[in-house]
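Undergrad: Chains as they are written, first to last, in full-length UniProt numbering: chain A, 1 to 444; chain B, 1 to 444. Input: one structure, supplied below.
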């Protein structure tokens, strides 16, 4: 049988990875897919660079629409990124009856509903394993491997840049700014690292995970997003002393009132496997009611790990090309008809409704009664305390005025209640600096 | 559409898990599968117990063949176990045109080739996610998630009983026999634990993994199998001092001369994630050429984790029921035609051809020159030494005769060369007890 014909839109790092792995492993892949997979055409504005990657035997064009219009192309792989031209091209490819593979998490987190609906109506598949956690087949695990389960929650280290930075901060006791520069020098962080360090990239991925886990529409606009830029080396050290590591987690949880969807730094017990995921690695922990906890670990980025996911999608599409829609896995793993319905029943909760526990670091004047006042406010708000760590006082400024860090771990409480209590505590004259509040997840 | 009709052969622990999870999550499962999944009939010799599990609305019979002969049944789930009647029934179900789901690793490791061939000829599917690592979707990851990769090796903790025993031996410093009794009391080990502690169960699973990873036939008879019964608490302690944990690993590796397929206790660097998998948990580490290392972790046994895998298979079968064979994933992930061919090119290597590194514990008389003689023999065999740990001598028996444990870590060498060197060392008059030899895997 003729190889399945693939058109590549954009051939940067990931695109060249896809091209190289398909070439190198073509025999193995053909034995698996039952049919060859061939990149027939590549579109990239930089045609010279594209040509240098693919050689003479593959067609190179500057205009992506030429690929989409090509009647020989079965599958379009979108590797342009972003929500602008990529969205247009994906929708055009679908309209032209092409299956689509994309690694574009931003596009799916924001425009997924529109794209999946268009694909379903046109009878084509949209596959996106590479959009979440790079080479780890977590989309497949959630959509197909854990279908028996009512998923209870998913928590993942799904951004390698921030995990690298946090690992380095902990290993070397350095502050965020210093490590960010090192990460940029090493290529682990981009020149403009905003999307990574502010948690946006992780939130795109968490949004997609949330939709698959619970059968709800993608709702990036409802995600709570907090990055790692305000983390101090001191918090990582204190957390360590209390038996925790700090990780940037993407968390989504089913509760009776709705779904939590949030990205923020989290204290995780140091003995958990996921707390020991270091450097730029990714890991996703899934809690299902039948299977219990399962964890998936691997490289979340890079040319070939991402290519691994793109090509796995191509093999799936190759097998299912021409099959009736009933034989395919629907885009989010749930039948589309049942999706919108459930979205109504399972709203994404505002952050004030989220229930979790907390690490608080409060800079206080070293005076009698400070701890009593603070714990009194927490008690009044119904927030119970798990542990207190009081540091030795340091002399600051002279004249015998001393300050200290008060570290408090709380039990579970509503974020809204915590906000109110913190506002009160912040107002105390003995509280000398903005309070640091980091959420704590036991993941048990 | 009418729910897919499932017949259950055997309703013990896993069978009742399947029944209960299907009931509890039926709505969620229907939304995923696009169609209900219904256990229409259960066969079990103990019909009274079966009836007490499934209630009045499900048909219960004593004769499995009645289920197979039932024209309304689409899928037969075999949960009887073993290679006797289970093999007959699976082949009969296939002959009757039923899809088969099985959790029976022994059956597939020994008779997989016959069963997969029969299924392919008859045009039905055989699914077996539950046969390896319980609820962890590792079969799906290997067959579908990592299809882009040339798999280089897989190493797994794929037997919960032995991992529980090893974890306890390490935690509490106890010897094997003591912990085995505790594990039996807690239900982590069976009354007759032979299959687990001798490594046979892990070897069944490693055999299946090997076939999927490399596209070779299942060849249990070629597997090297060594259990944990001879491990001493001292070895676990020494390994710890050298920065290693001891795990029972199922390992399969592609080499230029063939495939390694082996189960044995292994020293693993303590900093590796897989070394920190404790208790009855399972984990499988897969090294692919594109994706690098990925790890899959979760519960490897138990009613509902295993049911999770069985039901995931049922959802897959429900989606693909009626689809052309080209749209399905072949039993071992590779097209059947390409399987036998490759089996010839990639023979399973005898253990003497395996290349790995070693931990040696040698009980020696505390005399001058002992270390020199032993290291001399290793050097002559071309085996280089990575580290030596010499314990303080203990007085044994009186009259000033002292003994000591000499611990040697070697670099990589052929097992055959190590066998020959060890035979020589064992023959030295200063070597006072059988040498302990444990393989060491860096997994990097």
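We put the beta carbon where it would ideally sit given N, CA and C, even for glycine.
Would you call the segment 256-272 of chain A and the segment 222-237 of chain A touching, i.e. three or more CB-CB distances under 8 Å?
TA: Touching, yes, given that three or more Cβ pairs across the two stretches are closer than 8 Å.
Undergrad: Excluding sequence positions up to five away, which residues of its chain have a Cβ less than 6 Å from the Cβ of residue 99/B?
TA: Cβ within range, chain order: 75, 124, 125, 317.
Undergrad: Could one say the Cβ of residue 296/A lies closer than 8 Å to chain B's Cβ atoms, at least one of them?
TA: It does; some Cβ of chain B falls within 8 Å.
Undergrad: If the cut is a Cβ gap below 9 Å, which residues of chain A does residue 104/B touch?
TA: The premise fails here: residue 104/B is roughly 19 Å from chain A at the closest Cβ pair, so nothing lies under 9 Å.
Undergrad: Residue range of the alpha helix (DSSP H) that residue 73/B falls in?
TA: Element bounds for residue 73/B: n/a, residue is neither H nor E.
Undergrad: If we ignore side chains and look at the alpha-carbon of each, how far apart do residue 71/A and residue 91/A end up?
TA: Spanning the two alpha carbons is a distance of roughly 16 Å.
Undergrad: What three-state label does DSSP hand residue 444/A in the structure shown?
TA: Looking at residue 444/A - three-state DSSP - the assignment turns out to be coil, as it is neither helix nor strand.
Undergrad: Any residues in the segment 127-159 of chain A with a beta carbon nearer than 7 Å to a beta carbon of chain B? Which ones, in chain order?
TA: Cβ contacts with chain B come from 135, 136, 137, 140, 141, 144, 145, 146, 147, 148, 149, 150.
Undergrad: Who are residue 254/A's beta bridge partners in DSSP?
TA: In DSSP, residue 254/A forms a bridge with 259/A.
Undergrad: Report the residues of the segment 294-319 of chain B with a CB closer than 7 Å to any CB of chain A, ordered along the chain.
TA: Under the 7 Å Cβ criterion, the segment 294-319 of chain B contributes 294, 295, 296, 297, 298, 299, 304, 305, 307, 308, 311, 312, 315, 316, 319.
Undergrad: Going along the chain, which residues of the segment 323-340 of chain A sit with their C-beta nearer than 8 Å to a C-beta in chain B?
TA: Result list: 323, 324, 326, 327, 328, 329, 330, 333, 334, 335, 338.
Undergrad: Which residue's Cα is closest to the Cα of residue 409/A: 150/A, 389/A, 421/A, 401/A?
TA: Among 150/A, 389/A, 421/A, 401/A, the Cα nearest to that of residue 409/A is on 389/A.
Undergrad: For residue 296/B and residue 407/B, which I take to be in contact (beta-carbon distance under 8 Å), what is that distance rounded to the nearest angstrom?
TA: No, residue 296/B and residue 407/B are not in contact; Cβ-Cβ is about 32 Å, not under 8 Å.
Undergrad: Whole-angstrom Cβ separation of residue 38/A and residue 6/A, contact assumed at under 8 Å?
TA: Contact flag correct, Cβ pair sits at about 6 Å.
Undergrad: Distance, Cα to Cα, residue 235/B vs residue 361/B?
TA: Cα-Cα distance, rounded: 8 Å.
Undergrad: Taking Cβ-Cβ distances shorter than 9 Å, what residues in chain B pair up with residue 70/A?
TA: Per Cβ cutoff of 9 Å: no residues; residue 70/A is ~24 Å from chain B at best.
Undergrad: Among 313/B, 411/B, 239/B, 47/B, which one has its Cα closest to the Cα of residue 391/B?
TA: When each option's Cα is compared against that of residue 391/B, the closest is 239/B.
Undergrad: Please classify residue 445/A as buried or exposed, where buried requires at least 16 other C-beta atoms within 10 Å of its C-beta.
TA: An answer regarding residue 445/A cannot be provided, because it is not within the stretch 1 to 444 covered by chain A.
Undergrad: By Cβ distance below 6 Å, which residues in the same chain neighbour residue 15/A in space, the five residues on each side in sequence not counted?
TA: 8, 79.
Undergrad: Does the beta-carbon of residue 2/B have 16 or more other beta-carbons within 10 angstroms, so that it is buried, or is it exposed?
TA: Exposed.
Undergrad: Give me the subset of the segment 13-30 of chain A whose CB atoms are less than 7 Å from a CB atom of chain B, sorted by chain position.
TA: So the close ones are 21, 25, 28, 29.
Undergrad: Between the segment 200-213 of chain A and the segment 180-191 of chain A, can you find at least three pairs of beta-carbon atoms closer than 8 Å?
TA: The segment 180-191 of chain A vs the segment 200-213 of chain A: no contact.
Undergrad: Taking all protein chains shown into account, decide if residue 440/A is buried (16 or more other Cβ within 10 angstroms of its Cβ) or exposed.
TA: It counts as buried.
Undergrad: What are the partner residues of residue 416/A, as DSSP defines its beta bridges?
TA: DSSP lists no partner for residue 416/A.
Undergrad: Does residue 181/B pass the burial test, meaning 16 or more other C-beta atoms within 10 Å, or should it be called exposed?
TA: Residue 181/B comes out exposed.
Undergrad: Who are the Cβ neighbours of residue 12/B in its own chain at under 6 Å, not counting the five residues just before and after it?
TA: Around residue 12/B: no qualifying Cβ.
Undergrad: Consider the Cβ of residue 213/A: report whether some Cβ of chain B lies at a distance smaller than 8 Å.
TA: So no, residue 213/A is outside the interface.
Undergrad: I need the straight-line Cα distance from residue 322/A to residue 32/B, nearest angstrom please.
TA: Cα to Cα, residue 322/A sits roughly 21 Å from residue 32/B.
Undergrad: Using a C-beta cutoff of 8 Å, does residue 32/B count as contacting chain A?
TA: It does: the Cβ of residue 32/B has a partner Cβ on chain A nearer than 8 Å.
Undergrad: Tell me which same chain residues have a C-beta within less than 7 Å of the C-beta of residue 122/A, skipping the five on either side of it?
TA: Counting only Cβ-Cβ distances below 7 Å, and skipping sequence neighbours, we find 94, 95, 97.
Undergrad: If you reduce the DSSP assignment to three classes, tell me which class residue 411/A lands in.
TA: Looking at residue 411/A - three-state DSSP - the assignment turns out to be coil, as it is neither helix nor strand.
Undergrad: Kindly indicate which three-state DSSP category residue 434/B falls into: helix, strand or coil?
TA: The answer is coil: DSSP assigns residue 434/B none of H, G, I, E or B.
Undergrad: If you reduce the DSSP assignment to three classes, tell me which class residue 210/B lands in.
TA: Residue state, collapsed to three classes: helix.
Undergrad: Sorry if obvious, but does the Cβ on residue 403/A come closer than 7 Å to a heavy atom of the ligand SAH?
TA: This structure does not include the ligand SAH; it has no bound ligands of any sort.
Undergrad: Mind listing the chain B neighbours of residue 276/A? Cutoff is C-beta to C-beta under 9 Å, in chain order.
TA: Per Cβ cutoff of 9 Å: 271, 273, 276.
Undergrad: Is the shortest distance between the beta-carbon of residue 42/A and the beta-carbons of chain B less than 8 Å?
TA: No - not a single Cβ of chain B is within 8 Å of the one on residue 42/A.
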